[in-house]
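Everything below concerns the one structure shown next.
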Amino acid sequence: MKVDCLVVGAGPAGSIIAKEMASYGYDVLVLEKRQEIGAPKRCAEGITKHGLEKLGIELHPLCISRKIKGAILYSPSGKKVVMEGHEMEGYVLERKVFEKWLAAEAIKKGAKYMVKTQALGMKRENGIWKVRARNIEGEFEIETKLVVGADGVESKVGKWAGLNTTNKLTDYHSGIQFEMANVNADEKYIHIFFGREVAPLGYAWIFPKAFSFNVGLGILEKGAKMKAYDYLKKFIEEHEEIFANAQPIEINAGGVPVAHFTEMVADGVMLVGDAAQLVNPIHGGGMMRAIHSSIMAAEVAH
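First residue of the sequence shown? That's 56 in the working numbering, and the numbers climb one at a time after it.
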């Protein structure tokens with residue numbers, strides 16, 4: 056099989072660059088190892104309206120779980136700061152729907168997708184990348200001039216291309232989140248809690264959704280007294296006024312990179328989004344940078 060551009064990973068970064076490259080007229084194939092695009096979600100699901108407007112992206116209404124007026128920040132002493140205004144307005148997404156919508160938009164432009172299909176390795180011969188992959192039909196090979204690594208925090212594409220993608224353990228935060236029902240918090244705002252005892256070198260969050268809340272935290276586990284899961288349980292127990300009658304309906308965990316790679320490109324290879332560790336190191340958000348990096352990468356590749 057031969058294609059102009061092979062994208063490994065169908066998260067936001069992968070589907071955005073697939074759409075952009077297909078729009079330029081290239082033959083694009085996306086490989087996704089998961090059996091379902093968008094699941095599991097490892098994301099607080101918040102995104103700014105202002106950021107999307109700058110990139111010219113108009114969300115499908117079904118991607119939006121709740122519109123947000125602003126943010127309320129809570130200090131360790133309990134003091135609150137309310138932040139509002141146009142640049143603070145945003146959305147809490149329905150992440151699974153959002154990722155499928157992005158894939159559908161790329162497919163409309165001509166990109167092809169193969170789900171439950173895993174890239175196994177790749178080698179370069181005479182300016183062409185030969186990528187081995189496997190799905191339920193067996194192993195096969197794809198030849199392409201451009202491989203885009205959009206395969207997330209655990210990316211393998213960069214390693215296969217010979218890039219230095221080694222980071223220290225301290226370059227990652229541990230994240231844990233519950234989707235919870237029956238949470239007693241103001242649904243017009245996202246809520247951010249700071250403090251060494253709340254989440255060392257990180258923060259806890261409560262993000263309202265249509266009928267539930269995304270509740271989680273991220274910490275630097277090295278030197279912390281407990282695991283991220285234990286800090287989240289403690290946070291919930293200490294805020295009985297918010298969580299007295301709440302129950303989790305989904306649990307997800309994962310690592311969050313807070314340091315960038317120094318190498319993100321090689322001959323015929325680009326890393327985008329979390330695969331390039333393009334996460335905002337201050338708040339740990341990666342969606343806007345995933346989208347922006349993919350648009351920029353497509354412009355360069357074109």
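Positions of the beta carbon are idealized from the N, C-alpha and C atoms, including for glycine. Just so it is clear, the structure is predicted and the values come from calculations on it, not from any experiment.
Residue i by DSSP, collapsed to three states: which one?
i	result
E100	coil
E234	strand
G111	coil
A126	strand
E75	helix
M319	coil
K135	strand
G145	strand
E354	helix
R121	strand
V334	coil
K57	strand
V63	strand
Closest to residue i by C-alpha separation, out of the options, would be which residue?
i	options	result
G130	Y258, V327 and Q302	With the sequence shown as reference, residue 130 is identified as Ser, and Gly is not the correct amino acid for it. Nearest C-alpha to S130: Y258.
R251	G182, A283 and G101	A283
D285	E295, G273 and E296	G273
Y41	K88, K280, G340 and S132	With the chain covering 56 to 357 only, the question about residue 41 has no answer from this structure.
G271	A321, A301 and I291	I291
Y79	K96, C60, G66 and G93	C60
N300	E180, N239 and A308	N239
E194	T172, A205 and V212	T172
I191	A314, H294, Q90 and V334	Q90
H357	L287, G339 and G323	G323
A330	G278, W215 and E295	W215
V26	M235, K288, G145 and T221	The structure shown does not extend to residue 26, since the chain is modelled only from 56 to 357, so the question has no answer here.
R179	A166, V212, I162 and F153	V212
T221	Q332, I102 and Y81	Q332
W260	G278, H294, V202 and N181	H294
I162	F298, I183, Y81 and V355	Y81
K104	H141, C118 and V203	H141
F316	K223, G278, L128 and F249	K223
L128	V202, A65, D241 and K109	D241
Would you mind giving the Cβ-Cβ distance between residue i and residue j, rounded to the nearest angstrom? I have them listed as a contact below 8 Å.
i	j	result
V62	V83	7 Å
S229	E276	5 Å
I306	S267	Not confirmed; about 13 Å, so no contact.
I231	A308	5 Å
E154	F262	Rounded, the Cβ-Cβ distance is 17 Å, inconsistent with contact.
Leaving out five residues before and five after residue i in sequence, what residues of the same chain have Cβ atoms less than 6 Å from its Cβ?
i	result
A352	I72, M325 and V327
K264	S120, R121 and V147
P336	V313
K164	K74, A77 and S78
E318	L218 and N219
F233	V270, P303 and I306
A68	A205, V327, G328, A345 and S349
G339	G273 and V311
E160	K74
G341	D329 and V334
A236	S267, Q302 and I304
L256	L275
E198	K57, I183 and K185
By Cβ distance, which residues of its chain are closer than 7 Å to residue i, with the 5 residues on each side in sequence left out?
i	result
A126	M138, M143, Y244, I245 and I247
A94	K151
H115	W156
I102	G145, Y146, L148, M342 and M343
Apart from the five residues on each side of it in sequence, which residues of its chain come closer than 8 Å, Cβ to Cβ, to residue i?
i	result
E196	M56, K185, V186, R187 and A188
G217	A321
Can you list, in chain order, the stretches of the beta strand (DSSP E) that have 3 or more residues and sit fully within the segment 154-214?
167-170, 173-180, 183-190 and 193-204
Extract the residue ranges of the beta strand (DSSP E) inside the segment 288-313, only unbroken runs of 3 or more that lie entirely within it.
302-312
Go through the segment 260-288 residue by residue and report every complete run of the alpha helix (DSSP H) that reaches 4 residues or more, in order.
none
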